[in-house]
Amino acid sequence: GGAGAGGGAELSLEQILRTAVGARYFKEFSEQIYCPEMIFFYLEVEDYLLLPGEEYMARFARKIARKYIQADARLQVNISHRMRDSILAKLEGNGAGADRALFKEAQAEVLHMMEKDTLPKFRQSKHYEEFLAYLAARRRSALRHQQMSKTTRRRRSSHGFGNRMTDALAGLGVAAGGVPPLSPAHARR
Numbered sequence: 001g002g003a004g005a006g007g008g009a010e011l012s013l014e015q016i017l018r019t020a021v022g023a024r025y026f027k028e029f030s031e032q033i034y035c036p037e038m039i040f041f042y043l044e045v046e047d048y049l050l051l052p053g054e055e056y057m058a059r060f061a062r063k064i065a066r067k068y069i070q071a072d073a074r075l076q077v078n079i080s081h082r083m084r085d086s087i088l089a090k091l092e093g094n095g096a097g098a099d100r101a102l103f104k105e106a107q108a109e110v111l112h113m114m115e116k117d118t119l120p121k122f123r124q125s126k127h128y129e130e131f132l133a134y135l136a137a138r139r140r141s142a143l144r145h146q147q148m149s150k151t152t153r154r155r156r157s158s159h160g161f162g163n164r165m166t167d168a169l170a171g172l173g174v175a176a177g178g179v180p181p182l183s184p185a186h187a188r189r
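Per full-length UniProt numbering, the sequence shown runs over residues 1 to 189.
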């Protein structure tokens, strides 16, 4: 098994994670190789960034910190002590430091580690082959749909009085519901 199933350039990790299906395949693979904490952290930060208000953000940020950042975190991610201390300091007290930038640096570091370590292994896995097959099937389906739509539009335009009338008017230079433009010959009359 290998990366050849896609028949093109390798997908970046961000491209893979941008789709729900890609994220699921990458997450399943990470669990299988016993390092799910990085992808879990990355995806939870993505969810955090979508939260509507600061109150929700503070609560969710503390949950992320307990789960991934604190020294005794169950799924601790491997980030620098400086970064860890900075995040925890911003969350002390009422969590007022919980803004959209709170986990930005840590998330970028985790993404970089996954690109270096997990992604090359993922690209050699059955999970990646299945994801590429899924993408290829979606592309084929979209192309079929596009071709069917063109055929249907052609068929519709060759049938039915409304379309023939629209076509005839268009031949006269009439936009839908409009009046034909005056040609120089009409203007002289």
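Cβ atoms here follow ideal geometry from the backbone N, Cα and C, with glycine treated the same way.
| Where does the unbroken alpha helix (DSSP H) through A106 begin, and where does it stop? | 104-113
| Since L102 and A61 are thought to touch, with beta carbons under 8 Å apart, how far apart are those beta carbons, to the nearest angstrom? | 6 Å
| message | Can you tell me whether S86 is helix, strand or coil according to DSSP? | response | helix
| Hey, would you say T118 sits closer than 8 Å to C35, going by beta carbons? | yes
| task | Output yes or no for whether 8 Å exceeds the beta carbon distance between L17 and A9. | result | no
| query | Taking the alpha helix (DSSP H) that V77 falls in, what are its first and last residues? | reply | Where V77 is concerned, there is no enclosing alpha helix (DSSP H), given that its DSSP letter is neither H nor E.
| request: Apply the 10 Å Cβ neighbour rule to S141 and answer buried if 16 or more other Cβ atoms are within range, or exposed otherwise. | output: exposed
| field | Distance between T19 and Y128 (C-alpha atoms, nearest Å) | value | 13 Å
| message | I'd like the span of the alpha helix (DSSP H) that includes E92, first residue to last. | response | First-last for E92: undefined, no H or E at that position.
| Which value, in whole angstroms, describes the spacing of the CA atoms of L13 and E115? | 6 Å
| DSSP state of A61 mapped onto helix, strand, coil | helix
| message | Within the continuous alpha helix (DSSP H) that includes P52, where are the two ends? | response | Element bounds for P52: n/a, residue is neither H nor E.
| query | What first and last residue would you give for the alpha helix (DSSP H) that runs through K27? | reply | 20-32
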